[in-house]
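Chemist: Taken in order, these protein sequences are the chains called A and F. Numbering of the first sequence is given in my numbering, commencing with residue 112 and proceeding in unit increments. Numbering of the second sequence is given in my numbering, commencing with residue 112 and proceeding in unit increments. I am attaching a structure below and will ask some questions about it afterwards.
Number of protein chains: 2
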Amino acid sequence: MIDPDAAAAVPDVERDAAGEKLSDVRGLGVGAPVLAFDVGGTDIKSALFDADGTALGLRRTPTPIADGDRTQVLLERLEVLAAELRAAHPDVVPQAAGLVVPGIVDAEAGVGVFASNLGWHDSPLRDLASARLGLPVAFDHDVRAASWAERRLGGARDYADAVVLVIGTGIAGALLVGGVPYTAGGYAGEIGHSPIADGPICPCGARGCLEAVASAGAIARRYREATGIAPDGAKDVIARAAAGDEVAAEIWNSALDALTMSLAQLTAVVAPQAVVIGGGLSRAGGALFDELRRRLADRLSFHRIPVLVPAELSGNAGLLGAALRARELT
Amino acid sequence: MIDPDAAAAVPDVERDAAGEKLSDVRGLGVGAPVLAFDVGGTDIKSALFDADGTALGLRRTPTPIADGDRTQVLLERLEVLAAELRAAHPDVVPQAAGLVVPGIVDAEAGVGVFASNLGWHDSPLRDLASARLGLPVAFDHDVRAASWAERRLGGARDYADAVVLVIGTGIAGALLVGGVPYTAGGYAGEIGHSPIADGPICPCGARGCLEAVASAGAIARRYREATGIAPDGAKDVIARAAAGDEVAAEIWNSALDALTMSLAQLTAVVAPQAVVIGGGLSRAGGALFDELRRRLADRLSFHRIPVLVPAELSGNAGLLGAALRARELT
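Next comes the structure, spelled out in structure tokens:
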């Protein structure tokens, strides 16, 4: 059983990697109580959703780091978090748990195929988590689960064919086809790692990935590299561009061009009705959305230009997606 | 009724725009007899498929040109062709007809939304053809129908998630998702009109379309423009490149780079198991397929690289797709 001291030792994280505070979670609606875990490279979001669909005990804790088998350490941590949530809310009895993770995920098989920053290869995470938690576990890819939450509860509500794009430290994407996430064995939707130019080399090893040019992380990094000044995130670079800083303007302009190129490709080939954009960069508002709309219309011709809408579930879309998936098991 | 002189006046076309002769048609398999029409900008392929699935009376005739309402002239021509086929094979009684056309097609509604070279806008072609032919008509997009034929009978047989790419005068594409063509209201699959660079301006009005750089037509045109020499098609440019012609090598190299860029985008975002390549350029064999495989692997990293396979149904995939769709009505 769980050592209460170990449990008490799990610290909370004040802000995530992108500097976001934990925000309010939209309700799931009425249904079975479920546990939900959104595991990322740096932190884990966890909560217990009650029968009304309210998130109880929502917190963000660091993803445990360990030499050797990180999967066992992670599972142990999930068990601790689950025990704490159950102990704090003894009257809410979860019927299932949802677990979503990044990387290449084979949701059908319940396998984490690969995640560069979490260290597993072909790990049967669904069954391992189920054994640890003593509950049926729904297992999915974090961004596809997020797209499912945006489809059910958020910005993709009105669009059966949509792309959900999360532009933050990196750029992640998921395709909704006919109203459901399209997986292609776990490989679909890697918009951040699709090439839009001949360079630069991306940390993933490919050439010219969108993420290396146009993520919020890349925009801040490129400005720092060009000027020696560390900006306060992409938001600061955009503000500097608006204020007449030519280096900032050039970096922001090239990021918009790269995003436009990717959106134009998506429009021509996948033709979604809508692109739902979330993540830190989406808070740039009109500076992002109006510019992308204008540039996209300018680049294309007979194509059906998708509606560009902000994501509505903020950083909690993955967690909500995990909870929705868990409820589907009950 | 049909004027027999008008019928007799329909000439046959020896070779299509890409210089291809009419080739043998693969059998459909056993089923109801059906008529099939594949209408293109320059010619119409038509045939009567019998209960064994053999194509009878297969021919290629010019798409009629007329001022004013070209749709009525086209429908009249389809009626003539159907009458001739029925007259030549009185013992084969078609139960339905399949009609496939290019452009933006809303197959579900039976509407030709738009086709730049055929002159219709929001034309209810399915019902119009059905009234003319006195048969139930299955209506679809030519390349999506071709992809369906490749899926059922050809190169995509083993792949539920595939992209079919036809590289000829232009570049057309269709996505198979979960084994069936994905339409997005008729807008999906426009790989030829997806941007891969900042230029040139494409005749469609968009900027940097793949088709303007890498279609067989563009390769021949670019060589002619660069040298004043009219090559014998893209095949000739590829042969000249192999023989040391630097201009030809540069053009072929940039076409391969552009195709690689599009395939890399497809791989990252749609992640098909296979890309089935047909059209005139696919006959370049290893010069195309081996180079694309090498360059694609070189560009990407963790992605699932699709198998690249030749289309198997040659120029008849659209016609076979029309026949398959017609049989689905019986």
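Cβ coordinates follow ideal geometry from the N, Cα and C atoms, glycine included. Quick caveat, the model's predicted, so the values are computed rather than measured.
Can Ala422(F) and Ile388(F) be called in contact, C-beta distance under 8 Å?
Modeler: Working through the second sequence from its first residue, we reach residue 422(F) at position 311. Working through the second sequence from its first residue, we reach residue 388(F) at position 277. Cβ distance < 8 Å, so Ala422(F) and Ile388(F) count as in contact.
Chemist: Going by the beta-carbon positions, is the gap between Gln376(F) and Pro417(F) smaller than 8 Å?
Modeler: In the second sequence, the residue the question calls residue 376(F) occupies position 265. In the second sequence, the residue the question calls residue 417(F) occupies position 306. No, the Cβ-Cβ distance between Gln376(F) and Pro417(F) is not below 8 Å.
Chemist: Is there at least one non-hydrogen atom of the ligand GDP closer than 7 Å to the beta-carbon of Gly164(F)?
Modeler: Absence of the ligand GDP from the depicted structure is noted, as is the absence of any ligand whatsoever, leaving it without description.
Chemist: Helix, strand or coil, according to DSSP, for Ser425(F) in the structure here?
Modeler: Taking the first residue of the second sequence as 1, we reach residue 425(F) at position 314. The answer is helix: DSSP assigns Ser425(F) an H, G or I state.
Chemist: Output needed in chain order: residues of the segment 412 to 424 of chain F with a Cβ under 7 Å from some Cβ in chain A.
Modeler: Ser412, Phe413, His414 and Arg415
Chemist: I'd like the ranges of any beta strand (DSSP E) spanning at least 3 consecutive residues and lying wholly in the segment 236 to 294 of chain A.
Modeler: Entirely contained in the segment 236 to 294 of chain A, the beta strand (DSSP E) runs reaching 3 residues are, in chain order, 248 to 252, 273 to 278, 282 to 288 and 291 to 293.
Chemist: Just to confirm, is the Cβ distance from Asp154(F) to Thr182(F) under 8 Å?
Modeler: Within the second sequence, the letter at position 43 stands for residue 154(F). Within the second sequence, the letter at position 71 stands for residue 182(F). Result no, Cβ atoms of Asp154(F) and Thr182(F) do not sit closer than 8 Å.
Chemist: Would you call Asn364(F) buried or exposed, if buried means 16 or more other Cβ atoms sit within 10 Å of its Cβ?
Modeler: Here residue 364(F) refers to the residue found at position 253 when the second sequence is read from its first residue. Under this definition Asn364(F) is an exposed residue.
Chemist: Looking at chain A, is there any beta carbon in it that lies within less than 8 Å of the beta carbon of Gly296(F)?
Modeler: Reading the second sequence from its first residue, position 185 is the one you call residue 296(F). It does; some Cβ of chain A falls within 8 Å.
Chemist: Helix or strand or just coil, what does DSSP make of Ala158(A)?
Modeler: Working through the first sequence from its first residue, we reach residue 158(A) at position 47. Ala158(A) sits in a strand when the DSSP states are folded into three classes.
Chemist: Since I believe Gly279(F) is in contact with Ala374(F) (beta carbons under 8 Å), could you give me their beta-carbon distance rounded to a whole number of angstroms?
Modeler: Walking along the second sequence from the start, residue 374(F) turns up at place 263. Walking along the second sequence from the start, residue 279(F) turns up at place 168. According to the sequence displayed, residue 374(F) carries Leu and not Ala. Between Gly279(F) and Leu374(F) the Cβ distance is about 17 Å, and since that is not below 8 Å, they are no contact.
Chemist: Using 8 Å as the limit for Cβ to Cβ distance, is Ser365(A) near chain F?
Modeler: On the first sequence, residue 365(A) is found 254 positions in, with the first residue counted as 1. It does not; no Cβ of chain F falls within 8 Å.
Chemist: Along chain A, in chain order, which residues have C-beta atoms closer than 7 Å to that of Gly300(F)?
Modeler: By one-based count along the second sequence, residue 300(F) stands at place 189. For Gly300(F), the C-beta contacts it makes with chain A under 7 Å involve Val380, in order along the chain.
Chemist: Compile a chain-ordered list of the residues in the segment 303 to 323 of chain F whose CB is closer than 7 Å to at least one CB of chain A.
Modeler: His304, Ser305, Pro306, Cys315, Gly316, Ala317 and Arg318
Chemist: Under 7 Å Cβ to Cβ from Gly221(A), same chain only, skipping five residues before and after it: list those, please.
Modeler: The residue given as residue 221(A) occupies position 110 in the first sequence. Same-chain partners within the cutoff: Pro235, Leu236, Arg237, Asp238 and Phe250.
Chemist: Do three or more CB pairs link the segment 184 to 203 of chain F to the segment 146 to 161 of chain F at distances below 8 Å?
Modeler: yes
Chemist: Assign Pro314(A) to buried or exposed, taking buried as 16 or more other Cβ atoms, counted over all protein chains shown, within 10 Å of its Cβ.
Modeler: Start at 1 with the first residue of the first sequence, and residue 314(A) comes out as number 203. Answer is exposed; the Cβ neighbour count stays below 16.
Chemist: Please classify Arg171(A): is it buried, with 16 or more other beta-carbons within 10 angstroms of its beta-carbon, or exposed?
Modeler: Taking the first residue of the first sequence as 1, we reach residue 171(A) at position 60. Flag for Arg171(A) reads buried.
Chemist: Any chance you could list the alpha helix (DSSP H) runs of at least 4 consecutive residues sitting entirely within the segment 168 to 207 of chain A, in chain order?
Modeler: 181 to 199
Chemist: Could you tell me the distance, in whole angstroms, from the CA atom of Thr441(F) to the CA atom of Gly164(F)?
Modeler: Residue numbering aside, residue 441(F) sits at position 330 when the second sequence is read from its first letter. Residue numbering aside, residue 164(F) sits at position 53 when the second sequence is read from its first letter. Between Thr441(F) and Gly164(F), the C-alpha separation is close to 14 Å.
Chemist: To the nearest angstrom, how far is it from the Cα of Gly140(F) to the Cα of Ala331(F)?
Modeler: Sequence index remark: in the second sequence, residue 140(F) carries index 29 (1-based). Sequence index remark: in the second sequence, residue 331(F) carries index 220 (1-based). The C-alpha of Gly140(F) lies about 38 Å from the C-alpha of Ala331(F).
Chemist: So, helix, strand or coil for Ala434(F), using DSSP?
Modeler: Taking the first residue of the second sequence as 1, we reach residue 434(F) at position 323. The answer is helix: DSSP assigns Ala434(F) an H, G or I state.
Chemist: Across which residues does DSSP place Ile416(F) in a beta bridge pair?
Modeler: Taking the second sequence and counting its residues from 1, the one referred to as residue 416(F) is at position 305. DSSP lists no partner for Ile416(F).
Chemist: Classify His414(F) as buried or exposed, calling it buried when 16 or more other Cβ atoms lie within 10 Å of its own Cβ.
Modeler: In the second sequence, the residue the question calls residue 414(F) occupies position 303. Buried, because 16 or more other Cβ atoms sit within 10 Å of the Cβ of His414(F).
Chemist: If you reduce the DSSP assignment to three classes, tell me which class Ala299(A) lands in.
Modeler: Looking up residue 299(A) in the first sequence gives position 188. Looking at Ala299(A) - three-state DSSP - the assignment turns out to be coil, as it is neither helix nor strand.
Chemist: State the DSSP-derived secondary structure class of Gly209(A), mapped to helix, strand or coil.
Modeler: If you number the first sequence from 1, residue 209(A) lands on position 98. Here Gly209(A) sits in strand by DSSP.
Chemist: Kindly indicate if chain F contains any beta-carbon less than 8 Å away from that of Arg410(A).
Modeler: Translated into positions along the first sequence, residue 410(A) becomes position 299. By this cut-off, Arg410(A) is an interface position.
Chemist: Check the C-beta distance from Ala256(A) over to Ala433(A) and give it rounded, since I have them as a contact under 8 Å.
Modeler: As a working mapping, residue 256(A) is identified with position 145 in the first sequence. As a working mapping, residue 433(A) is identified with position 322 in the first sequence. The pair is a contact, with the Cβ atoms about 6 Å apart (cut-off 8 Å).
Chemist: Would you grab the beta carbon distance between Gly209(F) and Val275(F) for me? Rounded to a whole angstrom, and I think it's under 8 Å.
Modeler: Position 98 of the second sequence, counting from 1, holds the residue named residue 209(F). Position 164 of the second sequence, counting from 1, holds the residue named residue 275(F). 17 Å between Cβ atoms; not a contact.
Chemist: In whole angstroms, give me the CA-to-CA distance for Gly265(A) and Ala162(A).
Modeler: To locate residue 265(A), count along the first sequence from 1; it is residue 154. To locate residue 162(A), count along the first sequence from 1; it is residue 51. If I take the Cα positions, the gap works out to 20 Å.
Chemist: Of all the residues that make up the segment 275 to 297 of chain F, which are near chain A by a beta-carbon distance shorter than 9 Å?
Modeler: Gly284, Leu286, Val288, Gly289, Tyr293, Thr294, Ala295, Gly296 and Gly297
Chemist: Can you grab the Cα-Cα spacing for the pair Ala166(F) / Ser425(F), in whole Å?
Modeler: As a position in the second sequence, residue 166(F) is number 55, starting the count at 1. As a position in the second sequence, residue 425(F) is number 314, starting the count at 1. Answer to the nearest angstrom: the Cα atoms are 15 Å apart.
Chemist: Output, in sequence order along the chain, the residues in the segment 223 to 254 of chain F whose CB is closer than 7 Å to any CB in chain A.
Modeler: Phe225
Chemist: DSSP on Ala118(F), reduced to helix/strand/coil?
Modeler: Taking the second sequence and counting its residues from 1, one reaches residue 118(F) at position 7. Here the model assigns Ala118(F) a pLDDT of 48, short of 50, so the residue's position is not dependable and the matter cannot be decided.
Chemist: Would you grab the beta carbon distance between Ala285(A) and Ser305(A) for me? Rounded to a whole angstrom, and I think it's under 8 Å.
Modeler: Taking the first residue of the first sequence as 1, we reach residue 285(A) at position 174. Taking the first residue of the first sequence as 1, we reach residue 305(A) at position 194. That belief does not hold up - the Cβ atoms of Ala285(A) and Ser305(A) are roughly 13 Å apart, past 8 Å.
Chemist: What is the residue span of the alpha helix (DSSP H) that Gly223(F) lies within?
Modeler: Residue mapping note: residue 223(F) aligns to position 112 of the second sequence, counting from 1. Taken as a continuous stretch (DSSP letters only), Gly223(F) belongs to no alpha helix (DSSP H), being part of the beta strand (DSSP E) at Val222 to Ala226.
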